[in-house]
Every structure is written in C-alpha cells, then in structure tokens.
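This report refers to the structure that appears directly beneath it.
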Amino acid sequence: MLEAIRLWLDAIRRNHALEHATVAVLLARRGPTRLAGRATAGGFVIIADIDGAEVAGAAHEALRRLRAGEASLATSPLCGTTIAVGAGLCALAATLVVATGSPWARLPNAFTAAALASVAGQPAGRWVQQHVTTLADHGEVEIVGVRTLLGRVHRVETRGPEGR
Numbered sequence: 173m174l175e176a177i178r179l180w181l182d183a184i185r186r187n188h189a190l191e192h193a194t195v196a197v198l199l200a201r202r203g204p205t206r207l208a209g210r211a212t213a214g215g216f217v218i219i220a221d222i223d224g225a226e227v228a229g230a231a232h233e234a235l236r237r238l239r240a241g242e243a244s245l246a247t248s249p250l251c252g253t254t255i256a257v258g259a260g261l262c263a264l265a266a267t268l269v270v271a272t273g274s275p276w277a278r279l280p281n282a283f284t285a286a287a288l289a290s291v292a293g294q295p296a297g298r299w300v301q302q303h304v305t306t307l308a309d310h311g312e313v314e315i316v317g318v319r320t321l322l323g324r325v326h327r328v329e330t331r332g333p334e335g336r
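Note that the working numbering has the sequence shown beginning at 173, numbered continuously upward.
This is how it looks when you write it as structure tokens:
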C-alpha cells in the first residue's frame, strides 16, 4: 500500500516538474503570458489562450530538456508552492514577533520579521519544490497525448515508470 502511494506521488511530482518546464518553454518563446497549470498523476493541465499545437511542442521540448539534464526547469519562482512557503514563513515570523516583546515594539518588529521572511521565502520555496513537490528524473516518462478542451484548457497526458 505504501509503495503504491509513493509511486502515485512520484508520478505527480514528475508531472509537476514537466508542467514547470513546459511553462518555462512557453514563456521563453512567447514572453509574458497569462497561464496556469496543475499536475496530476496522469499528466498536467495548462490553462492559457495558446494554440494546442504550441503547448504540445513546448511539452515535448521540455521533456527532451529535462531528460538532457536541465533539472533547473523543474522548479519555478511562479509556482504556488513557492508562494505558499513564502506566505507561511511571513505569517510564522510575524506571529512569533507579535507574541513576544513590548507592545510598542511588536508592530514594527512584526513588519521587519515578515519582510525578512519574505526574502527567505523564494529560496525556501525552491528548496521545497526540489525536494518535495517536483521530481526532475524523466528518463522513462513519455507524453502519450495532448488534448485541447474549450480552446484554453490543454491536457498533456503522460506515462511514466509507474505505468500511469
């Protein structure tokens, strides 16, 4: 049972990394573009006003580059993980400062602590992505299909060593 859960989580982590890499390729090709993504065990979804063939091409390039060792494509400063880690650190730092010290010093110290935590949030979020929420190893992953739904929702389906 635990092995099945680990394989399922590894599939999600691989697809999360491939989603990030695909977004990086799309942004490099198009420049700033509004888009969102979400990974699942069976692939990932990109929501954007982009042609499906362009998403498919970017996904295949991203997979090729991850296989070639460009592990840095697996993490993104735009990822919700980085945002959540940064927000959590800010909240924790401000809460700890507000809970201690004199009443007059609490508010400015809370702002200072939150600002410092915000600076730490970006590298901490990258670390969490690298070690918890993404997996850059794509040696046995293949893209088995790309479908466009409603013109803006692009589903990239994958299969990995887990059989998903």
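We treat Cβ as the ideally placed atom computed from N, Cα and C, and that holds for glycine. Bear in mind the structure is a predicted one, so any value in this text is a computation, not a measurement.
message = Between residue 194 and residue 234, how many whole angstroms is the CB-CB distance? I'm expecting something under 8 Å.
response = Your numbering for residue 194 matches position 22 in the sequence shown. Your numbering for residue 234 matches position 62 in the sequence shown. Yes, residue 194 and residue 234 are in contact; Cβ-Cβ is about 4 Å, under 8 Å.
message = Determine whether the beta carbon atoms of residue 229 and residue 187 lie at a separation below 8 Å.
response = The residue you call residue 229 lines up with position 57 of the sequence shown. The residue you call residue 187 lines up with position 15 of the sequence shown. Contact: no.
ask   = Are residue 307 and residue 196 close, meaning C-beta to C-beta below 8 Å?
value = Taking the first residue of the sequence shown as position 1, residue 307 is located at position 135. Taking the first residue of the sequence shown as position 1, residue 196 is located at position 24. Cβ distance not < 8 Å, so residue 307 and residue 196 don't count as in contact.
query = Distance, Cα to Cα, residue 288 vs residue 321?
reply = For the purposes of this step, residue 288 is identified with residue 116 of the sequence shown, where counting begins at 1. For the purposes of this step, residue 321 is identified with residue 149 of the sequence shown, where counting begins at 1. Answer to the nearest angstrom: the Cα atoms are 43 Å apart.
Exposure of residue 203, with buried meaning 16 or more beta-carbon neighbours within 10 Å = Position 31 of the sequence shown, counted from the first residue, corresponds to residue 203. Burial call: exposed.
inquiry  = Going by DSSP in three states, residue 260 sits in which element: helix, strand or coil?
reply    = The sequence position of residue 260 within the sequence shown is 88, counting from 1. Residue 260 falls in the helix class under three-state DSSP.
ask   = Excluding sequence positions up to five away, which residues of its chain have a Cβ less than 7 Å from the Cβ of residue 305?
value = In the sequence shown, counting from the first residue as 1, residue 305 sits at position 133. Within the same chain, residue 305 has close Cβ partners 185, 188 and 253.
query = Which of the three DSSP states, helix, strand or coil, is assigned to residue 318?
reply = Locating residue 318 in the sequence shown gives position 146, counting from the first residue. Correct three-state label for residue 318: strand.
ask   = First and last residue of the beta strand (DSSP E) that includes residue 220?
value = Here the question's residue 220 lines up with position 48 in the sequence shown. Segment 215 to 220, the beta strand (DSSP E) holding residue 220.
Residue interval of the beta strand (DSSP E) (run including residue 211) = Position 39 of the sequence shown, counting from 1, holds the residue named residue 211. Looking at the DSSP string, the run of the beta strand (DSSP E) that includes residue 211 is 207 to 212.
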